[in-house]
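S.K.:
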Ligand SMILES: Cc1cc2nc3c(=O)[nH]c(=O)nc-3n(C[C@H](O)[C@H](O)[C@H](O)COP(=O)(O)OP(=O)(O)OC[C@H]3O[C@@H](n4cnc5c(N)ncnc54)[C@H](O)[C@@H]3O)c2cc1C
Ligand code: FES
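Numbering (UniProt numbering), first residue to last: 1 to 262.
1) Hey, residue 217 and residue 197: beta-carbon distance below 9 Å or not?
2) Going by beta carbon distance, what residues of the same chain come within less than 6 Å of residue 90, once the five residues before and after it are set aside?
3) State the Cα-Cα distance for the pair residue 230 and residue 259, rounded to the nearest angstrom.
4) Just to check my reading of the structure: residue 7 and residue 26 have Cβ atoms closer than 8 Å, yes? What is that Cβ distance to the nearest angstrom?
5) Identify whether residue 116 lies in helix, strand or coil by the three-state DSSP scheme.
6) Tell me whether residue 256 sits in a helix, a strand or coil according to DSSP, three-state version.
7) Assuming residue 129 is part of the beta strand (DSSP E), what are its boundary residues?
8) Within 10 angstroms of the Cβ of residue 40, are there 16 or more other Cβ atoms? Answer buried if so, exposed if not.
9) Less than 9 Å between the beta carbons of residue 256 and residue 202, yes or no?
10) Tell me whether residue 234 is buried or exposed, calling it buried when 16 or more other Cβ atoms sit within 10 Å of its Cβ.
11) Would you kindly check if the distance between the Cβ of residue 101 and the Cβ of residue 249 is under 9 Å?
12) Fully enclosed by the segment 159-200, which alpha helix (DSSP H) runs are 4 residues long or longer?
13) Touching or not, the segment 150-157 and the segment 130-141, by the rule of three or more beta carbon pairs under 8 Å?
14) May I have a chain-ordered list of the alpha helix (DSSP H) segments no shorter than 4 residues that lie completely inside the UniProt domain "FAD-binding FR-type" (2-106)?
15) Does the distance from the C-beta atom of residue 129 to that of residue 159 stay below 9 Å?
16) Look up residue 121 in the DSSP assignment and say whether it is helix, strand or coil.
17) Which residues, in chain order, sit with a beta-carbon under 6 Å away from any heavy atom of ligand 1?
18) Locate the beta strand (DSSP E) running through residue 219, then write down its first and last residues.
19) At a cut-off of 8 Å, is residue 234 close to ligand 2 when judged by its beta-carbon and the heavy atoms of the ligand?
20) Please state whether DSSP places residue 211 in a helix, a strand or coil.
21) Shorter than 8 Å, the distance from the beta carbon of residue 269 to the closest heavy atom of ligand 2, or not?
22) Apart from the five residues just before and just after residue 292, which ones in its own chain have a Cβ nearer than 6 Å to its Cβ?
23) Candidates 70, 75, 68, 69: which alpha carbon is nearest residue 60's?
24) List the whole-angstrom C-beta distance separating residue 115 from residue 192, where the pair is believed to meet the contact cut-off of C-beta under 8 Å.
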């Protein structure tokens, strides 16, 4: 079930020059409603109301706090739409179409046979936090590997450390292991059975390739350019082994076995 809700901006926190964290909650002036069930890996389509940016912008659900009825979005400023979101204040509301797409797959409980590694590159960190929270709620203790160019772009470490064992790489070596996520021993040598990835396409392909070679199950969250977000415009299609599929409805999460990457 998809909803079109107007949510209140509860906080809008700048994390560094590029990223900000938007906290939203159901708007109390309208008919009462609660946040719907949202799966980790799903995304929202945000109406930015920036001039010249008339299409909604897809943003992953970064976290959901049902007790406080809050939804978190981690956003990178790249163009008109995201810059407009960066300027929202607590007197603003935003129009969301959500929850969209599928989610990551993971078991209902921990077991020896399930050892997950969550890998987030840059703003691809966003869906990994809610995934880690949901795994932890099922008794699973995930490892998380975050990669960025520099230390200041590694964000929300304290949030991740609540739910996961955290590993970090930076390209300049200012935090964690120097290099790309694919250089980290956790990824190269760790005894994981399942890997979940979101980040720049080159990074996802590199991680997927390692997983493929080591016969580790791997799911990636694609960030193909989107317009409608509901399967109507076909602008987000990915050429998969099953033919052209809309990333907004069939994804954004795909097992790499379905993709034409190798
Ligand atoms: C399923 C999904 C989940 C996403 N989750 C997040 C998230 O959690 N946080 C976040 O900050 N961003 C996320 N993105 C990317 C985000 O949607 C784009 O950065 C945003 O739409 C750009 O809008 P804009 O108006 O600021 O930039 P525009 O003015 O539209 O474009 C500015 C620049 O950004 C590039 N761009 C536009 N769309 C994308 C895209 N989909 N991916 C990469 N570059 C793009 C353009 O090519 C252009 O160079 C996600 C995208 C998808 C498809
Ligand atoms: S964004 Fe329109 S079909 Fe996917």
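Note that the Cβ used here is the ideal one computed from N, Cα and C, for glycine as well.
M.R.: In terms of the structure at hand:
1) no
2) 9
3) 21 Å
4) 6 Å
5) strand
6) helix
7) No beta strand (DSSP E) holds residue 129; the alpha helix (DSSP H) holding it covers 126-137.
8) buried
9) For residue 256 and residue 202, no; Cβs fall outside 9 Å.
10) exposed
11) yes
12) 185-189
13) no
14) Runs found: 80-86.
15) It is a contact, given that the beta carbons lie within the stated cut-off.
16) strand
17) 43, 53, 57, 58, 59, 60, 74, 75, 76, 78, 79, 80, 81, 82, 123, 126, 223, 224, 225, 226, 252
18) 217-221
19) Indeed, a heavy atom of ligand 2 lies less than 8 Å from the Cβ.
20) For residue 211, the three-state secondary structure derived from DSSP is helix.
21) Absent from the model: residue 269. The displayed extent of the chain is 1 to 262, so no value can be given.
22) Any property of residue 292 remains undetermined from this structure, which presents the chain solely from 1 to 262.
23) 75
24) Rounded, the Cβ-Cβ distance is 5 Å, consistent with contact.
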